[in-house]
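Novice: Okay, so the sequence shown: first residue is 0 according to numbering that gives the first Met the number 0, each after it adds one. Here it is: the structure, laid out below.
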Amino acid sequence: MSLELFNLNGKVALVTGGTHGLGMAIGTGLANAGAKLVINDIFQDKLDAAKEAYAKAGIDVALYNFDVTNEDEVTKCIARIEREVGPIDILVNNAGIIKRIPIEEMTVREFSDVINIDLIAPFIMSKAVIKGMIARGHGKIINMCSMMSELGRNTVSAYAAAKGGLKMLTRNMATEWAKHNIQINGIGPGYFATTQTAPIRVDGHPFNDFIINRTPAAKWGDPNDLQGAAIFLASEASNFVNGHVLYVDGGILATIGKPVNED
Ligand code: NAP
Ligand code: GCO
Numbered sequence: 000m001s002l003e004l005f006n007l008n009g010k011v012a013l014v015t016g017g018t019h020g021l022g023m024a025i026g027t028g029l030a031n032a033g034a035k036l037v038i039n040d041i042f043q044d045k046l047d048a049a050k051e052a053y054a055k056a057g058i059d060v061a062l063y064n065f066d067v068t069n070e071d072e073v074t075k076c077i078a079r080i081e082r083e084v085g086p087i088d089i090l091v092n093n094a095g096i097i098k099r100i101p102i103e104e105m106t107v108r109e110f111s112d113v114i115n116i117d118l119i120a121p122f123i124m125s126k127a128v129i130k131g132m133i134a135r136g137h138g139k140i141i142n143m144c145s146m147m148s149e150l151g152r153n154t155v156s157a158y159a160a161a162k163g164g165l166k167m168l169t170r171n172m173a174t175e176w177a178k179h180n181i182q183i184n185g186i187g188p189g190y191f192a193t194t195q196t197a198p199i200r201v202d203g204h205p206f207n208d209f210i211i212n213r214t215p216a217a218k219w220g221d222p223n224d225l226q227g228a229a230i231f232l233a234s235e236a237s238n239f240v241n242g243h244v245l246y247v248d249g250g251i252l253a254t255i256g257k258p259v260n261e262d
């Protein structure tokens with residue numbers, strides 16, 4: 000019975016922003032665990048390129064082009080997905096952006112752009128799928144949180160506000176919806192090698208050296224390191240886990256850190 004708990008056969012999983020990065024890694028993991036994978040993005044060329052990449056991994060993926068911040072587009076596309084693919088069993092709110100600007104230089108528009116995608120969009124997406132999940136008596140929602148759900152850092156105020164809010168939104172979704180046998184949890188990645196972190200990851204960049212020193216595992220995360228956590232939170236193995244943020248951070252949150260020259 001034990002490994003069967005992680006089997007996603009017959010489940011439909013929607014991963015927002017699943018065309019590359021952490022979303023693609025998570026989508027690949029869920030598909031390899033048996034789920035029928037659906038991804039969205041706002042650029043058709045990225046969706047088309049992703050379809051080829053998934054196909055090379057033996058995965059057939061359904062593509063939907065919509066902006067997760069646009070409630071009308073989301074409502075229409077969720078209805079299309081449920082008509083064309085099937086009821087959504089697993090929603091991964093992965094789509095997200097970051098803007099690295101000191102608070103005093105950040106415009107209100109820049110701040111609200113990040114809040115819209117990283118916090119309000121998971122609210123919009125989850126509202127769009129929850130009625131069906133309640134009607135069917137089961138569902139899984141996974142919100143992509145962050146180290147910035149717990150910690151601040153220079154220049155990422157909007158992102159930290161959004162990801163801190165997303166942690167609390169996850170807890171409130173669990174509070175309101177767990178009674179319907181729906182599990183809502185978060186994944187809190189540490190620092191991972193994707194396009195989002197590319198600007199601060201280049202060799203010799205002070206932040207690159209900082210993260211290697213600040214992470215007990217002494218390396219950047221590989222997106223595939225998130226697949227186990229995603230499969231767990233998407234499967235029956237987590238049916239009594241709710242409102243939890245599962246940090247996959249190489250130990251960052253476990254430690255105050257160490258002097259740069261200490262082993
Ligand atoms: P990424 O490489 O920048 O990918 C983000 C994805 O979201 C892209 O596919 C992007 O599509 C999509 N997206 C952005 N705005 C969208 C919108 N309005 N509608 C639909 N899709 C949209 O980021 P990542 O590094 O893979 O991170 C994925 C998630 O994990 C994000 O929520 C991020 O905050 C979080 N996270 C990342 C790290 C890390 O170290 N990388 C750590 C913790 C948490 P386009 O490319 O077409 O814009
Ligand atoms: C940054 C990074 C981080 C990571 C991630 C850490 O500029 O600090 O982009 O925010 O993306 O969120 O968990």
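Cβ coordinates follow ideal geometry from the N, Cα and C atoms, glycine included.
1) Please tell me whether glycine 20 and isoleucine 230 are closer than 8 angstroms, where the distance is taken between their beta carbons.
2) Could you tell me if the beta carbon of methionine 105 falls within a distance shorter than 7 angstroms of some heavy atom in the ligand GCO?
3) Tell me, which residues are paired with aspartate 40 by DSSP?
4) Where do the ends of the beta strand (DSSP E) carrying glutamine 182 lie?
5) The beta strand (DSSP E) that contains leucine 252, what's its start and end?
6) Counting by C-beta, which residues lie closer than 6 angstroms to a heavy atom of the ligand GCO, in chain order?
7) Could you name the residues that DSSP lists as bridge partners for lysine 130?
8) What are the boundary residues of the beta strand (DSSP E) that valine 11 is part of?
9) Run through the DSSP bridge pairs and tell me what phenylalanine 231 is partnered with.
10) Within a Cβ cutoff of 7 angstroms, which residues of the same chain sit near alanine 216, ignoring the five residues on either side of it in sequence?
11) What are the complete beta strand (DSSP E) segments, minimum 3 residues, inside the segment 99-166?
12) Just to check, is the beta-carbon of valine 73 closer than 7 angstroms to a non-hydrogen atom of the ligand NAP?
13) When the distance is taken between beta carbons, is threonine 169 closer than 8 angstroms to asparagine 184?
14) On the three-state DSSP scale, how would you describe isoleucine 89?
15) Could you give the C-beta distance for valine 37 and valine 84, rounded to a whole number, given that I count them as a contact under 8 angstroms?
16) Residues in its own chain within less than 8 angstroms of arginine 79 by CB, not counting five upstream and five downstream?
17) What residue range is occupied by the uninterrupted beta strand (DSSP E) comprising leucine 29?
18) Which residue wins for smallest C-alpha separation from alanine 32, given the options Trp219, Gly9, Met105?
19) With DSSP run on the structure shown, which of helix, strand or coil describes valine 244?
20) What would DSSP say about phenylalanine 191, mapped onto helix, strand or coil?
21) Taking 8 angstroms as the cut-off, decide whether the C-beta atoms of isoleucine 102 and serine 156 are in contact.
22) Rounded to the nearest angstrom, how far is the Cβ of alanine 34 from that of alanine 56, given a contact under 8 angstroms?
23) For the candidate residues Leu225, Phe209, Asn6, Gly220, whose alpha-carbon lies nearest to that of glutamate 263?
24) Going by DSSP, name the residue or residues bridged to glycine 220.
Specialist: In this structure, then:
1) Position 21 of the sequence shown, counting from 1, holds the residue named residue 20. Position 231 of the sequence shown, counting from 1, holds the residue named residue 230. No, the Cβ-Cβ distance between glycine 20 and isoleucine 230 is not below 8 angstroms.
2) To locate residue 105, count along the sequence shown from 1; it is residue 106. No, the beta carbon of methionine 105 sits no closer than 7 angstroms to any heavy atom of the ligand GCO.
3) The residue labelled residue 40 in the question sits at position 41 within the sequence shown. Paired residues: Asn64.
4) Walking along the sequence shown from the start, residue 182 turns up at place 183. Looking at the DSSP string, the run of the beta strand (DSSP E) that includes glutamine 182 is 181-188.
5) Indexing the sequence shown from 1 puts residue 252 at position 253. Here leucine 252 belongs to no beta strand (DSSP E), and DSSP marks it neither H nor E.
6) Ile97, Arg99, Ser145, Met146, Met147, Arg152, Val155, Tyr158, Pro188, Gly189, Tyr190, Gln195, Thr196, Ile199
7) Within the sequence shown, numbered from 1, the residue matching residue 130 stands at position 131. Answer by DSSP bridge pairing: none, since lysine 130 is not bridged.
8) Here residue 11 corresponds to residue number 12 of the sequence shown, with the count starting at 1. Segment 11-15, the beta strand (DSSP E) holding valine 11.
9) Here residue 231 refers to the residue found at position 232 of the sequence shown. Answer is none; phenylalanine 231 lacks a bridge partner.
10) On the sequence shown, position 217 is the one that residue 216 refers to. Answer for alanine 216: Gly249, Gly250, listed in chain order.
11) 138-143
12) As a first step, residue 73 must be located in the sequence shown, where it is residue number 74. Flag unset: Cβ of valine 73 not near the ligand NAP.
13) In the sequence shown, residue 184 corresponds to position 185, counting from 1. In the sequence shown, residue 169 corresponds to position 170, counting from 1. Yes. Within cutoff.
14) Numbered from its first residue, the sequence shown carries residue 89 at position 90. Reduced to three states, the DSSP call for isoleucine 89 is strand.
15) For the purposes of this step, residue 37 is taken as residue 38 along the sequence shown, with counting starting at 1. For the purposes of this step, residue 84 is taken as residue 85 along the sequence shown, with counting starting at 1. So it is a contact: roughly 6 angstroms between Cβ atoms.
16) The residue you call residue 79 lines up with position 80 of the sequence shown. Only Tyr63 meet the Cβ criterion.
17) Looking up residue 29 in the sequence shown gives position 30. Segment 20-31 is the alpha helix (DSSP H) holding leucine 29; no beta strand (DSSP E) there.
18) On the sequence shown, position 33 is the one that residue 32 refers to. Among Trp219, Gly9, Met105, the Cα nearest to that of alanine 32 belongs to Gly9.
19) The residue given as residue 244 occupies position 245 in the sequence shown. It is a strand residue.
20) Within the sequence shown, residue 191 is the residue found at index 192, counting from 1. DSSP places phenylalanine 191 in strand when its eight states are reduced to three.
21) Along the sequence shown, one-based indexing puts residue 102 at 103. Along the sequence shown, one-based indexing puts residue 156 at 157. Yes, these two residues count as a Cβ contact at 8 angstroms.
22) The sequence position of residue 34 within the sequence shown is 35, counting from 1. The sequence position of residue 56 within the sequence shown is 57, counting from 1. Contact flag wrong, Cβ pair sits at about 14 angstroms.
23) No answer is possible for residue 263: it lies beyond the span of the chain, which begins at 0 and ends at 262.
24) Here residue 220 corresponds to residue number 221 of the sequence shown, with the count starting at 1. Answer is Phe191.
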